[in-house]
Amino acid sequence: MAEAENDTIFGKILRGEIETELVYEDDDVVAFRDLRPVAPVHILVIPRKHIVNLLEAGQEDALVLGKLMLASAKIARAEGLEESGYRVVVNNGAGVGQSVFHLHVHILGGRSFSWPPG
Ligand code: AMP
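The working numbering puts the first residue of the sequence shown at 278, with every later residue one more than the last.
Following this line, the structure appears as structure tokens:
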């Protein structure tokens, strides 16, 4: 999908149409703080490419999916979460809570988490 057609909030963030608190960016991914944090550290990592969610990702996206995970670890370390650990969450589909249809990895940390998740 052409970037101009990415009418999600994250598409607008990528195009600089909406301000956000950027924490990391490189050629493939961008990370910013969640507007409504549910943990002391709550950061979203997104690919620059518009991929709706993991169900819509293809073989051609293998590299960028790996880069999302590696960037998540780099960011978690920079946020001081190496010792305490952190959780990554990807909601895939409205039925499990996906509200923005541009793939994003939630990095959550700074408090304890229960398992199984709610
Ligand atoms: P999900 O429910 O998994 O699709 O996650 C979408 C996340 O995007 C939610 O945690 C929202 O709080 C967050 N969000 C929505 N709009 C913005 C925004 N403008 N800046 C930062 N985070 C946002």
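Cβ coordinates follow ideal geometry from the N, Cα and C atoms, glycine included.
Item: Cβ neighbours of I323 in the same chain (closer than 7 Å, five flanking residues each side left out); Value: F287, V306, V307, H379, L380 and H381
Item: Alpha carbon of G370 to alpha carbon of G395, nearest angstrom; Value: 16 Å
Item: Whether R310 touches E296 by CB criterion (8 Å); Value: no
Item: Range covered by the alpha helix (DSSP H) that runs through F287; Value: I286 to L291
Item: Cβ-based burial, L358 [other Cβ within 10 Å; buried from 16]; Value: buried
Item: Simplified DSSP assignment, three categories, for I295; Value: coil
Item: Between the CA atoms of E337 and V318 - distance to the nearest angstrom; Value: 31 Å
Item: Buried/exposed call for S349, threshold 16 Cβ in 10 Å; Value: buried
Item: Proximity of L345 and Y363 at Cβ, strictly below 8 Å; Value: no
Item: Residue burial classification, A339 (beta-carbon count within 10 angstroms, cutoff 16); Value: exposed
Item: Alpha-carbon to alpha-carbon, F390 and A316; Value: 10 Å
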